Every structure is written in structure tokens, then in C-alpha cells.
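Asks: Keeping their order, the protein sequence lines are chains A and B.
When we follow this note's numbering, the leftmost residue of the first sequence carries the number 17, and every step to the right adds one.
When we follow this note's numbering, the leftmost residue of the second sequence carries the number 17, and every step to the right adds one.
There are 2 protein chains.
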Amino acid sequence: MKSPSQPRDRGIPEATVARLPLYLRALHGMAERGIATVSSEDLAAAAGVNSAKLRKDLSHLGSYGTRGVGYDVEYLVYQISRELGLTQDWAVAIVGVGNLGRALANYGGFVSRGFRVAALVDADPEIVGDTIAGLNVEHIDELEAVIKRRGVSIVVLATPAAAAQEVCDRVIGVGVTSILNFAPVVLSVPEGVDVRKVDLSIELQILAFHEQRKAGGPLMAVDGQ
Amino acid sequence: MKSPSQPRDRGIPEATVARLPLYLRALHGMAERGIATVSSEDLAAAAGVNSAKLRKDLSHLGSYGTRGVGYDVEYLVYQISRELGLTQDWAVAIVGVGNLGRALANYGGFVSRGFRVAALVDADPEIVGDTIAGLNVEHIDELEAVIKRRGVSIVVLATPAAAAQEVCDRVIGVGVTSILNFAPVVLSVPEGVDVRKVDLSIELQILAFHEQRKAGGPLMAVDGQ
DNA sequence: GTGACTTTGTGCATCGGTTCACAAAGGGAT
DNA sequence: ATCCCTTTGTGAACCGATGCACAAAGTCAC
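See below:
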């Protein structure tokens, strides 16, 4: 189908994509500790997955290992970074500068991965004009202008639930196609727009479900897992 | 195998469990708007899934719908809540009261789902003793004592990466078996302990991957999805 | 009470992802 | 140069989840 000379197949499974950042984190840690080469076994352990899965995941990017030796840490960091698009710098806007938005603006994990918080936007006149994490908070009326001016391509929604859909529509209106949504609502977006959602309370509810089973007493099936 | 009189099968698929909170949220919204009855079609739309999946998910809990009519909103809220263990009140401790910990402490989504933030713990003497979200921040030395005294069964880790594993070990030491980890490390835990992790930068990296493809130009395969 | 209509619950085919297990590939020692 | 050892990359079996499509079950109008 695709040019056979190209080692990398362009159809990387979604599940693999979701794990690449994990591998990258583990590799960064190893690079810092001066480790030059790592086996799939060790890297898998550091990333918390099994080694067969790791090898299959990496094989989707290409053949970057050496049999009998393992993977070169630096090289693999580069390859994964490139695949994820982290070799370029992404301008991110955070809309909604409440508790969560503020925490996100100050979160170091973004910057260290090629993401640059380029704008903070809020509707509350009390907050607009404040400086947070070295950035001026701009008014929601300026939303479209700010996004265009700063070249923002990824928007983080940390607004109240009620405001999320409207903000979402507006940023899509100026060409944004990648949205990370922290508001507890299902956003409806046109084809071609990617939304990823993080709902903090959902994770807790899943824990509660399992916790209940563990504590469940004699009625419960003894689960094991 | 199990008692056949019992309608509810105790082996609910993990994928289903992860969606139940979504349905619950949609149902709460409907209850507030005074909707008494809802079809799988409408509820699925509100939760952002397809209706066959919704019906199959609900069928794992039991037969709570009425053919030709749909589901009673109140009743379904109750059944899902019970299944998730949200009819009881869960005491949660947040360890690490930095930007993120503070945001979590103030996050309304917890309280509204039967979770009660029962303790805040930090190592920084600057912060210990402060009152945040109506709670006194306690010293990390008191960790075990606080957890036992307050009956905490779920711990949220919002510490720096370097501290997470130690805190994790300590809380497991006093019997905690459910942990929500925001620190960017892979925690190693004994059998029987549930860890769920939320890594904010991973979500952004996944978005970057897809964004890169969309913007990728002529080299890229035209993907569609 | 009957018939038309609606909507659930589920059997079945399908799909994507995981895991196993091993042949192929390379390094290093002699 | 050859052999042994290690580790990758992958074919194939397996497993769980998804989605289709429909029979079963119920409501409502008359």
C-alpha cells in the first residue's frame, strides 16, 4: 500500500499512541541517570507494561532496536518524540482560570514536553488582567483574537460545565481542532475535531466501585484481580 | 455458577464500569430538568456513546428498563449509584497540597458524588497548618494517624514525582487499597491494591500526535478519522 | 381485548488489542 | 571465522469489547 522503503507504517493503533508518552517518560528518566541502552524487558518494567506489548508498540514506529542488545535510549527518545509531534513547540491556551486552570498554568509537566502555555483566558473581570504563571489573563471577548495572534493550536477547557460548549464552538470556529476538556460535559464537535476529556470524579468513582467490591463481605464474589 | 435468582451478574466488564459515571452524570442532568423517563437512544446521545453499547452496559447491572418506554431516570440513578458504591460516603485524603492538590480540594465534582475530602496532608512546613477548602493541612509525619483517625479509604496523590512512591507505600501500610495518582511516576504496589493514574501531559501528547497528522501536509496519509 | 407501535435486551459476527512463543538477527568470546 | 548467547520483531492464537439486527416484551389507542 504505502511506499515499502518507508520503515514506519502510518497506522499506529490508538492504544499504542496512548502508551508512547509513558515510554517517553521512562526513557527520559533513564537518560538522566546516564543509561545509554535499555532492553525491552527493563523499559517495560519502568513503564509498567509487559515487554511483549512494549516491543509490539515500538515495532509500529519502525525497527529501532538492536537484537541481542536493546534500544539506544537517546535515539528512541528522539524517535518517539518525533512520532508524537513533540519535536515542535505547541502553543496551548487555557480557557477558564479557576482553581484548576491556575494549577494547569503552573504545571511543569507541560513545558517539559514541548507545550507552551501561550494564553490564559477567563470571563471573570476579577481575574482578567491578573498575572498568573507569568502570563496576563485575557478577557473571553478576546478569545478568537488571542488564539489567532498567538498561533494556539490546542485549547484546554477548564471552564465551568455550563460555559464549555460555547467556548468549544468558538475556538473551533477559528480553526482549533484539538481540545482537552476538563469540564464535566460531553462536547459535541464536528468531524475532524479531536476532544480528549479528563474527569477527575470519574476516576474516583471507578476506584469506589472496586473498593466496594473488595470491602464487600460475604455476598461478594471473591475476585482476586 | 452464581445464584440464578439474582438478576445482577457480578462480573461487570471494566469498560462498562468506566462508562457508568458518564451515564450517571447525564442522568443527573436529566433529573434536574425534570425528565422522568428516558430511552436508551436519548441517554446514549447525552452521554456521547451509541445506544447499543449503552443498553449492553446497563444489561450488565440487571433489567431496569421497560420495553416500549425506556428507563426511569430516578430509579436508574439509584441503581448505577449503588453499583458504583456511591450510596455510601467515601473519605478521601489528598496528599500533596501544591497547585494541583489545592485545586482538587476545592473541586466540587467530588463532593457531589459521595466523596468527602477528609484530610489534606503535605510535607512543606509553610503549608502545614493552613486552612484550605475548610480543612486544616496536616503534616506528612501524621499521615498514617490521620488516615486511620478519619477512616480514609481512598488516597489521592498530588505530590511531586519523587515523593509519590514513599507516600504510596506508607498509605498501603495502613490498609489503603485505592489510590488515585497524579504524580508522573509508575507506582509499584502489591496485589490487591488499585491504582488509577491521571497524567495531564499524556493527554496533551496524544492530542499533539493527532494534531501533527492533521497538519502533516503531503507526506501524510490522508486519514479521515 | 386486540393490534400497531415502541423500545429493550441479547445472540452473533467482527474488530482491535494482548499475549505467547519462536525464528531471525546481531554481539562477543574464543 | 565460528559458535553461543541475548534480545528483538512478529505470526498466530486468544480475549474482551463493539455494533448490528432482531425477537421478546411491554405500552397505548380504540
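For glycine and all other residues, C-beta sits at the position ideal for the given N, C-alpha and C.
Fair warning: this is a prediction, and the values are worked out from it, not measured in the lab.
Thinking C-alpha only, which one of B:N66, B:I96, B:R166, B:S128 is nearest G78 (chain B)?
Replies: Reading the second sequence from its first residue, position 62 is the one you call residue 78 (chain B). Nearest of B:N66, B:I96, B:R166, B:S128 to G78 (chain B), Cα basis: B:I96.
Asks: Does the stretch 130-137 of chain B touch the stretch 189-202 of chain B, meaning 3 or more C-beta pairs lie closer than 8 Å?
Replies: As far as the Cβ criterion goes, the stretch 189-202 of chain B does not touch the stretch 130-137 of chain B, which means the pair count is below three.
Asks: Could you run through the stretch 208-231 of chain A and flag, in chain order, every residue whose CB is less than 7 Å away from some CB of chain B?
Replies: If the cut-off is 7 Å between Cβ atoms, the stretch 208-231 of chain A has D210, R212, V214, L216, S217, I218, E219, L220, Q221, I222, L223, A224, F225, H226, E227, Q228, K230 near chain B.
Asks: Could you check whether A121 (chain A) and L151 (chain A) sit closer than 9 Å to each other, using their CB atoms as the reference points?
Replies: Taking the first sequence and counting its residues from 1, the one referred to as residue 151 (chain A) is at position 135. Taking the first sequence and counting its residues from 1, the one referred to as residue 121 (chain A) is at position 105. Yes.
Asks: Who are the Cβ neighbours of R212 (chain B) in its own chain at under 6 Å, not counting the five residues just before and after it?
Replies: Position 196 of the second sequence, counted from the first residue, corresponds to residue 212 (chain B). Hits under 6 Å: L196.
Asks: Give every residue of the same chain whose Cβ lies closer than 8 Å to the Cβ of G64 (chain B), excluding the five residues on either side of it in the sequence, and list them in chain order.
Replies: Taking the second sequence and counting its residues from 1, the one referred to as residue 64 (chain B) is at position 48. Taken in chain order, the residues that qualify are L38.
Asks: Short of 7 Å in beta carbon distance, which residues of its chain neighbour L116 (chain A), apart from the five on each side in sequence? Order them along the chain.
Replies: Mapped onto the first sequence, residue 116 (chain A) falls at position 100. Beyond the five residues adjoining it in sequence on each side, L116 (chain A) comes within less than 7 Å, by CB distance, of A174, F198 in the same chain, given in chain order.
Asks: DSSP three-state label for P234 (chain B), please.
Replies: Along the second sequence, read from residue 1 onward, the residue named residue 234 (chain B) stands at position 218. Model confidence at P234 (chain B) stands at a pLDDT of 40, short of 50, so the residue's coordinates are unreliable and nothing is read from them.
Asks: Quick test of your reading: V168 (chain A) and F225 (chain B), contact by CB under 8 Å. State the CB separation rounded to the nearest angstrom.
Replies: The sequence position of residue 168 (chain A) within the first sequence is 152, counting from 1. The sequence position of residue 225 (chain B) within the second sequence is 209, counting from 1. V168 (chain A) to F225 (chain B), Cβ: 18 Å. No contact.
Asks: Indicate whether I188 (chain B) and P206 (chain B) have their beta-carbon atoms separated by less than 9 Å.
Replies: On the second sequence, residue 188 (chain B) is found 172 positions in, with the first residue counted as 1. On the second sequence, residue 206 (chain B) is found 190 positions in, with the first residue counted as 1. Yes, these two residues count as a Cβ contact at 9 Å.
Asks: When the Cα of L216 (chain B) is compared with those of A:F131, A:H155, A:V153, A:C184, which residue comes out closest?
Replies: Position 200 of the second sequence, counted from the first residue, corresponds to residue 216 (chain B). L216 (chain B) has its Cα closest to that of A:F131, out of A:F131, A:H155, A:V153, A:C184.
Asks: With a threshold of 16 other CB atoms inside 10 Å of the CB of P73 (chain B), please say whether the residue is buried or exposed.
Replies: Position 57 of the second sequence holds residue 73 (chain B). The sequence given here places Asp at residue 73 (chain B); Pro does not occur at that position. Label assigned to D73 (chain B): buried.
Asks: In its own chain, which residues sit with a C-beta less than 7 Å from the C-beta of V144 (chain A), not counting the 5 before and 5 after it?
Replies: Stepping through the first sequence from its first residue, residue 144 (chain A) is reached at position 128. Closer than 7 Å at Cβ, skipping near neighbours: D138, V153, E154, H155.
Asks: Any idea if E227 (chain A) is buried or exposed, counting beta-carbon neighbours within 10 angstroms, 16 or more meaning buried?
Replies: If you number the first sequence from 1, residue 227 (chain A) lands on position 211. Classification of E227 (chain A): buried, given that the 10 Å Cβ count is 16 or more.
Asks: If distances are taken between C-alpha atoms only, which option among A:R229, A:R98, A:D105 comes closest to R166 (chain A)?
Replies: For the purposes of this step, residue 166 (chain A) is taken as residue 150 along the first sequence, with counting starting at 1. With distances taken between CA atoms, R166 (chain A) lies nearest to A:D105 out of A:R229, A:R98, A:D105.
Asks: Tell me the DSSP bridge mates of I156 (chain B)?
Replies: For the purposes of this step, residue 156 (chain B) is taken as residue 140 along the second sequence, with counting starting at 1. Answer by DSSP bridge pairing: none, since I156 (chain B) is not bridged.
Asks: What runs of the beta strand (DSSP E), each 3 residues or longer, lie entirely inside the stretch 167-212 of chain B?
Replies: 170-173, 194-197
Asks: Within the 9 Å Cβ cut-off, does T193 (chain A) reach chain B?
Replies: Position 177 of the first sequence, counting from 1, holds the residue named residue 193 (chain A). So, interface residue.
Asks: Using a C-beta cutoff of 9 Å, does I163 (chain A) count as contacting chain B?
Replies: The sequence position of residue 163 (chain A) within the first sequence is 147, counting from 1. No, I163 (chain A) lies away from the interface with chain B (no Cβ there is under 9 Å from its Cβ).
Asks: Leaving out five residues on either side along the sequence, give the residues of the same chain with a beta carbon under 7 Å from the beta carbon of G164 (chain A).
Replies: One-based indexing of the first sequence puts residue 164 (chain A) at position 148. In the sequence as displayed, the identity of residue 164 (chain A) is Lys instead of Gly. The answer, listed in chain order, is V190.
Asks: Check each residue of the stretch 49-68 of chain A: if its Cβ is closer than 8 Å to any Cβ of chain B, include it; give the result in chain order.
Replies: A62, A63, G64
Asks: With a CB to CB cut of under 8 Å and the five nearest residues on each side skipped, what residues in its chain are close to A52 (chain A)?
Replies: The residue labelled residue 52 (chain A) in the question sits at position 36 within the first sequence. If we look at A52 (chain A) and ignore the five residues flanking it on each side, its Cβ neighbours are D88, V89, E90.
Asks: With burial defined as no fewer than 16 other Cβ atoms inside 10 Å of the residue's Cβ, what is the status of A231 (chain A): buried or exposed?
Replies: Residue 231 (chain A) sits at position 215 when you count from the first residue of the first sequence. Exposed: under 16 other Cβ atoms inside 10 Å.
Asks: Using a C-beta cutoff of 9 Å, does N115 (chain B) count as contacting chain A?
Replies: Here the question's residue 115 (chain B) lines up with position 99 in the second sequence. So, interface residue.
Asks: Could you pull the DSSP bridge partners for I110 (chain A) from this structure?
Replies: One-based indexing of the first sequence puts residue 110 (chain A) at position 94. Its beta-bridge partners are A:L136, A:V172.
Asks: State the Cα-Cα distance for the pair L203 (chain B) and A161 (chain B), rounded to the nearest angstrom.
Replies: Within the second sequence, numbered from 1, the residue matching residue 203 (chain B) stands at position 187. Within the second sequence, numbered from 1, the residue matching residue 161 (chain B) stands at position 145. Using only the alpha carbons, I get a separation of about 22 Å.
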